[in-house]
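Numbering (this note's numbering), first residue to last: 550 to 1061. Positions of the beta carbon are idealized from the N, C-alpha and C atoms, including for glycine.
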RNA sequence: GGCCCGUUCGUCUAGCGGUUUAGGACAUCUCCCUUUCACGGAGAAGAUCACGGGUUCGAAUCCCGUACGGGUCACCA
C-alpha cells in the first residue's frame, strides 16, 4: 500500500462554481502529487443529472488553470494525452455502463441487494417514524427486514419484478455489528461501528451510481493511491472502506481535510456566503444564468493567482518555519500532508490581501508592468509609453496591495483632476493660495522640471518668502493632484511634465 | 437527537513530555522615518494553552470525562 506510485484526484461535482474550499482541496492534492513525483487527476462526478449546471465544468477547469494547477490526467489534460489519459472517460456520466457490473458483483457476493421501495414509500415510512418519535429513520440491518427488497422477497418475486421492468435501486448490505477502522493521514485512527451505518443506495433508479459506488470503483480503476478530500466525507469513509473490502481491492490512504469556516458566526464557508461578507468565495467571477447575478471571484478582484494559492495553502497548513511567502514550486517542496491541521480554519480576508501585497512586491519589474498595463486597459486608461507606465507604477507601488491600487489612487497622473478635496480646500486654499502657486509656476518654468530641481526651487521659494512647508505644500499638491495624498508632488510634476503642471495650476486658480 | 471529528492570542498558527517568562504572521495601538498618505524600521498590547480529573519527578504536549464548536445522517455530491 505504501509503495505504489502516488496518484491523487480532485473529483468535484459540476453543480456550480468551485468555491475556495474546493480549490484548496485541489491544491493540496496537487502539491502532494507533485512533491511525490506522482499524478494529479481531475475527474468530474456528474452522476446527479438533476443538479447538473451547464458551464460548471468549464469553470472548474479554468479556475484550476488560473491557479497554476494543471491536471496530469483526466478532464483538462486532453492536450497531454488522448482523451485525457488511459482511464478515459473521466466524466462519471460517461462511465455509466461500467458501474452496473460492480453493483452486480456485490449482489452476487451478498454484499448488496435489490430494493424496490419507491421514493414515495420511503417518504411515508420516514414520516411515520417521525410521528412515532424517531426523527431519523434509516434503511439499515433492522429496518430492511420489513421493506420490499431482495432480502425479504422470494427469488421468484424478485426475478419477476426485474423482468417486468419494475424500478429498483441496489443497496449495500451493511454488516450488523462490526467495527470498521482506518487510519486517516491527518486524523489518525478513525473507528465506527456498522451499527451506526445504513444501507446506502449504491445504484440509483436511473442506473447511475451514487457517489459512494462511483468514487470507489473509479478510484480503484484509476489506481488512486491517496484520497484527499474535505472533512464532510469523513462520516461516509467507513462505507468506502467496506466497499473496498467487499470488492477485495486494496484501499487507498485517506486524508480528510479540515473545513474552511466563515469569518463571522458559525458554520463552514459556503457558496451562498457569496459577496455577503465583503469578499469573494470563488476563484473566478461566476454568472448565474438563472438569476443573472454575478458572484465575484479573486481573479477579478485583482488577486494574483500565486497570492491566492499561497493564502489558500496556509489555511490549514504551515511549514513549521516562519516563512509565509511561497511560490507554487516552493509549496510543492515544503508541503507536508502530515502537518495539515485537524481543526477548521476561519477565513480572514485581511490576511488574504496581505498575501497579495507580498506577492505584488515579489513580482519582477517586467511581469508587474505587464499586469499594470492590463489593469490600465481594464480601466480604460491610455498610457503614453512604457517608460511613463513604469515610472507612474513605481511612484505608487509603496502603498499598493493590488496592482490596481497603483492606478486607482493615481488617476490624476493620467488626467487633470476634475475635483478637489473639499476638506483640504476649506482649510488650505486661502486667499493667498492662488498667489503661491502662480509664483511657483513661474519659478518652476525656469527649471528642467526634474524632481530634484523642482524640489530645490520650491525650498528656495519658501526660504525667500519665509513661508512654512505646511502653508504652501498642500496648496501645490491640491492644484496638481486634487488631493493631498500620494507620493512626492515633485515626482508627480516631473512625470506629467511642465505643460500639464502649468495647465493644472492655472485651472486651480481659476476654478477654486 | 445518533454517530464521527475537533478545541493554543480577535484571526491563521508554532509547539509533538523538560530548552516556554508559550514563538511567528494578520489585524489593533505607540514611536521613528516622511513637513501628506503609505511603505519601511522599532516597540506595545493581546493566550489562566476550553474546563475537570488522572498518568508522570515534570503536561499545551499522554489518558479519561465534561462543555463548546463543526461535520454528517437523501435514489446530493
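Subject >> the stretch 909–919 / the stretch 991–1004 touching (three or more Cβ pairs under 8 Å) >> reply: no
Original post:
Can you pull the DSSP bridge partners for residue 866?
Top reply: Answer is none; residue 866 lacks a bridge partner.
Subject >> Cβ distance (whole Å) where residue 573 is taken to contact residue 809 below 8 Å >> reply: 7 Å
Original post:
So, do the stretch 831–838 and the stretch 612–621 have three or more beta carbon pairs nearer to each other than 8 Å?
Top reply: yes
**OP:** Evaluate residue 1018 with the Cβ neighbour count: other Cβ atoms within 10 Å of its Cβ, from every protein chain shown; 16 or more gives buried, anything less gives exposed.
**Re:** exposed
Original post:
For residue 844, which beta-bridge partners are listed by DSSP?
Top reply: 835
Original post:
Using a Cβ-Cβ cut-off of 6 Å (strictly less than) and excluding sequence neighbours within five positions of residue 705, which residues of its own chain qualify?
Top reply: none
Subject >> Separation of residue 726 from residue 745, as counted between CA atoms >> reply: 9 Å
Original post:
Hey, how far is the Cα of residue 998 from the Cα of residue 1015?
Top reply: 23 Å
Subject >> the stretch 740–754 touching the stretch 687–704, judged by at least three CB pairs closer than 8 Å >> reply: yes
Original post:
residue 560 lies in the beta strand (DSSP E); which residues open and close that run?
Top reply: No beta strand (DSSP E) holds residue 560; DSSP gives it neither H nor E.
Original post:
CB residue 1031 to CB residue 967, shorter than 9 Å?
Top reply: yes
Original post:
Quick one: Cα of residue 555 to Cα of residue 901, how far?
Top reply: 31 Å
Subject >> Residue range of the alpha helix (DSSP H) that includes residue 903 >> reply: 898–911
**OP:** Have a look at residue 1022 and residue 1009 and give me their C-alpha separation to the nearest angstrom.
**Re:** 13 Å
**OP:** Could you work out which residue in 974, 1037 and 630 is closest to residue 1060 when comparing CA atoms only?
**Re:** 974
Original post:
From residue 852 to residue 927, what does the alpha carbon distance come to, in whole angstroms?
Top reply: 14 Å
**OP:** Verify whether the separation of the beta carbon atoms of residue 993 and residue 1050 is less than 9 Å.
**Re:** yes
Original post:
What's the C-alpha gap between residue 812 and residue 827?
Top reply: 11 Å
Subject >> Assigned secondary structure, residue 758 (DSSP; H/G/I helix, E/B strand, else coil) >> reply: strand
Subject >> Residue from 564, 585 and 969 with nearest C-alpha to residue 885 >> reply: 585
Subject >> Start and end residues, beta strand (DSSP E) containing residue 737 >> reply: 737–742
Original post:
Where does residue 738 land, buried or exposed, given buried means 16+ other C-beta within 10 angstroms?
Top reply: exposed
Original post:
If we ignore side chains and look at the alpha-carbon of each, how far apart do residue 965 and residue 863 end up?
Top reply: 43 Å
Subject >> Beta-bridge pairing of residue 1046 - partner residues as DSSP gives them >> reply: Looking at the DSSP assignment, residue 1046 forms no beta bridge with any residue, so it has no partner.
**OP:** Enumerate, from N- to C-terminal direction, the unbroken beta strand (DSSP E) stretches of 3 or more residues contained entirely within the stretch 582–667.
**Re:** 588–591 and 661–664
Subject >> Residue burial classification, residue 905 (beta-carbon count within 10 angstroms, cutoff 16) >> reply: buried
Original post:
With a Cβ-Cβ cutoff of 9 Å, do residue 960 and residue 930 count as a contact?
Top reply: yes
**OP:** Keeping to the same chain, check which residues put their C-beta closer than 7 Å to that of residue 723; ignore five residues upstream and five downstream.
**Re:** 689, 690, 743, 746, 747 and 748
Original post:
In terms of residue numbering, what span does the alpha helix (DSSP H) encompassing residue 1026 cover?
Top reply: 1018–1030
Original post:
Based on Cα-Cα distance, which residue from 1041, 663 and 651 lies nearest to residue 712?
Top reply: 663
Original post:
alpha helix (DSSP H) containing residue 880: first to last residue?
Top reply: 877–883
Subject >> Alpha-carbon spacing of residue 553 relative to residue 775, whole angstroms >> reply: 10 Å
Subject >> Cβ shell of residue 562 (< 6 Å), same chain only, five flanking positions each side left out >> reply: 594
Original post:
Taking the C-alpha atoms as reference points, what is the distance between residue 735 and residue 860?
Top reply: 20 Å
Original post:
If you check the beta carbons only, do residue 589 and residue 638 fall under 9 Å apart?
Top reply: no
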